Amino acid sequence: MTNAAYTIGLIGNPNCGKTTLFNALTGNRQRVGNWPGVTVERKTGEFRLDDNKVELVDLPGTYGLHGDGDADSLDEQVAQQYIQQNQADCIINVIDASSIERGLFLTSQLRALDVPLIIVLNMVDVAQSKGIKVSASELEAILECPVIEVIASRNQGLQELKSGLSSVLHQGKRPTEFAHEPLRIDDIVGHFSEVDTIAAKVKSLLHEPRRTLSERIDDIILNRFLSIPIFLLIMYLLFMFSINMGTAFQDFFDIIGGTIFVDIPRSLLSEVGSPDWLTAFIAEGVGGGIQLVLTFVPVIGAMFLALSFLEDVGYMARAAFIVDRLMRSLGLPGKSFVPLIVGFGCNVPSIMASRSLTRESDRLITSLMAPFMSCGARLTVYTLFVAAFFSTNGQNIVFALYIIGILVAIFTAWIIRQFVMPAAASTFVMELPPYLMPTGRNLFMHTWTRLKGFVKRAGKAIVAVVIILNVIGSIGIDGSIGAANRADSLLAALARTITPLFAPFGIHADNWPATVGIITGTFAKEVVVGTMNALYTTPAPSNASLDILGNIKAAFLSIPANVSDVLHNFANPLGMHVRSTADAVSSLSAEGVTNTTISQMQLFFSGSAGAFAYMLFVLLYVPCVATIGAMYKEHGAFWMSFSVLWSLTLAYTLATVSYQALTFAAHPASSMSWIAGMVALQIGVTLFVISMGRRQVNKTGLIPIQQLD
């Protein structure tokens, strides 16, 4: 969109309806990226104005332009530098008409910079419902710039806004007074006294102030006794919707994606006599990678939809306020709690959701915690092992794994905050917006923008890794190429070579399929189950032909069947109801897991101790490639590597310690040596990652704001 005739910046306080106005003007002509050097989201769009293409830049929501260069004002720094660099032909300043005093403080700073300015009084309907009337004409006379009344949620006033923009743009671009100098804080603060005076002149009360519906709702939502139970209920509903409703459509995307991108290319390539290596690369590699990305779409889309709804309604600000005290003990703001909750559904959207946090250090620590939240994909692995080893207490075992993941995440946050990025919890000042019912269009736009960003950010990395793993898993040690997960593949040979490394937590040399499961689980944890089922059993050759229409029919039929399951399991989003081997086997039947697989696992694993250690390792070791890709895109190669090393060593240490402790009676001397050695190793690794983390923080300042220049 660099060929636009004009560039317009859109700025305003948080919760002033700025994004709603952005969506109303640009529609679906939007794109999302990062501001250079930082992970603050940069959203741009375009619309037509007098037959000219106009680029609209949605600047971060901010209460002022007084960024001081520290970590608490990253959004303000981005907005400030954009204004100072005089990048826009005009600035639209959106003000909530019901909170005009707060909005005018930012306006006074913009006027001090002498930027071409147009004021939008948004949410005038909300102001009127509170008995507030703002005179746009008087405000325009005082500020000496156009003032337009708008109700963005109803698309009212947009034509008047465009007419005002035309007038301002035709006047030409003026140089910004301090475009290349540091912002003069004292000069800006001097204008603060004007705000109350201006507001008193333009604002009038239509009737005596009375309690609004939002205030009455907050009496319940923020009640000291009811706030936590209500919060947990809403988070439960968010969790349930993200996991269950998302997975209800996962089979549809999986079947359709597999048919279009894997089965059809494989069939066509076979028909034309394509060499096996090319078929494996295109169908199993590229096609399999695209199929895997598509399977994440419904879960992540459902999460973004639920989060967007809660944000637009106005609850997310209140949720952050409710849990703020708990999270401050870890040096994190209350808002970081929500991405972690989402992580129980999928770690990828958990990392993506951390973008809502203001400080870069808070985003990073939350992202480093996210992989330890036990996602839904890991649950399939737990279910398989419950069926094989824990016939009477499966639910307790699964629950223990979830708790261990939470404790490890807390330990990670404590280590990072105490020794790598020591800082007090960020100042918690947040405006509680009024409750508003979002329009379907705006809700869809918010969700679509976020979902599209995920596919673009993580999709490339996912496809690349899937190509590598599938190709290696398809090539035999004799050079032949066949189906993935074959027992004589290079991947299997690699697994046999490195299996002795896992002997300390009960994986012996003859149990190399478990090692293959660990390797393939790096690009999707649910693949562990399919890998074990393929390697522990010898499937009969299949002569089934490609049935495109049958697959499409099965994809559509999966939706009502899965939705029905969601409704039946409404009270159990975690799926931790597995209480017996029979229950587990029944739940695994849909995955194609056979009794032979379970019998072989009982034969090769070192009893329940080895099974628990393996599950613990799967819980904590390297997150899936989608999570790694999201970590790389959000925080860069160093912190991605930091996360992988930290999680891998923690997984190895805890899996080994748990196995040796559970089998201590059989070999006390050996177990004691292993436990002591692993504790020493973990201490050494912890000191190493602390040292490397500090060096990276000192090297980059964590927030490389200078790269904005």
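If you're matching positions, the sequence shown starts at 19 in our numbering and goes up one per residue.
Where is the CB? At the ideal position from N, CA and C, for every residue including glycine.
Owing to the predicted nature of the structure, the values given are computational and were not obtained by experimental measurement.
Opening and closing residue of the alpha helix (DSSP H) in which residue i lies
i    : result
Y677 : V643 to L680
L312 : G306 to V331
E73  : Element bounds for E73: not the alpha helix (DSSP H) but the beta strand (DSSP E), N70 to D76.
G534 : The question names Gly, but residue 534 in the sequence shown is Val. Segment W530 to T538, the alpha helix (DSSP H) holding V534.
Q105 : Premise fails: Q105 is in no alpha helix (DSSP H) and is neither H nor E.
E302 : Segment: none, E302 is in no alpha helix (DSSP H) and carries neither H nor E.
L124 : I118 to A130
F541 : Element bounds for F541: n/a, residue is neither H nor E.
D294 : D294 to T297
V280 : Here V280 belongs to no alpha helix (DSSP H), and DSSP marks it neither H nor E.
L358 : F355 to V360
Span of the beta strand (DSSP E), counted from its first residue to its last, around residue i
i    : result
Y639 : Note, Y639: premise wrong, no beta strand (DSSP E); not H, not E.
K151 : I150 to V152
E167 : V165 to E167
For residue i, the residue or residues it bridges with in DSSP
i    : result
N111 : I29 and I137
K221 : V152
Y24  : V72
Residue i, DSSP secondary structure in three states
i    : result
V12  : It is not possible to answer for residue 12, since the shown part of the chain is limited to 19 through 727.
Q177 : helix
G87  : The predicted model places G87 with a pLDDT of 48, which falls under 50 and marks its position as unreliable; any figure quoted below should be read in that light. G87 falls in the coil class under three-state DSSP.
A614 : It should be noted that the sequence gives Thr, not Ala, for residue 614. In this structure, T614 counts as helix in the three-state DSSP scheme.
G494 : strand
L67  : strand
S624 : coil
T44  : helix
T38  : helix
V707 : helix
S372 : helix
T62  : strand
I499 : strand
S507 : strand
E162 : coil
H188 : helix
L455 : The residue asked about is misnamed: residue 455 is Met in this sequence, not Leu. Here M455 sits in coil by DSSP.
A145 : helix
G182 : helix
V341 : coil
H464 : helix
L564 : coil
G471 : helix
Y81  : coil
A513 : helix
I274 : helix
A170 : helix
Cβ neighbour criterion (16 or more within 10 Å) applied to residue i
i    : result
E119 : exposed
H653 : buried
M455 : exposed
F243 : exposed
V697 : exposed
S288 : exposed
N21  : exposed
M690 : exposed
V707 : buried
Q127 : buried
G458 : exposed
Q678 : buried
N241 : exposed
A629 : buried
N414 : exposed
A115 : buried
P357 : buried
N460 : buried
A579 : exposed
L425 : exposed
R396 : buried
D506 : exposed
N716 : exposed
V290 : exposed
S372 : buried
T549 : buried
Fully enclosed by the region 380-446, which alpha helix (DSSP H) runs are 4 residues long or longer? 394-407 and 412-433
In chain order, each alpha helix (DSSP H) run of at least 4 residues that lies wholly inside the region 225-268: 231-239 and 245-258
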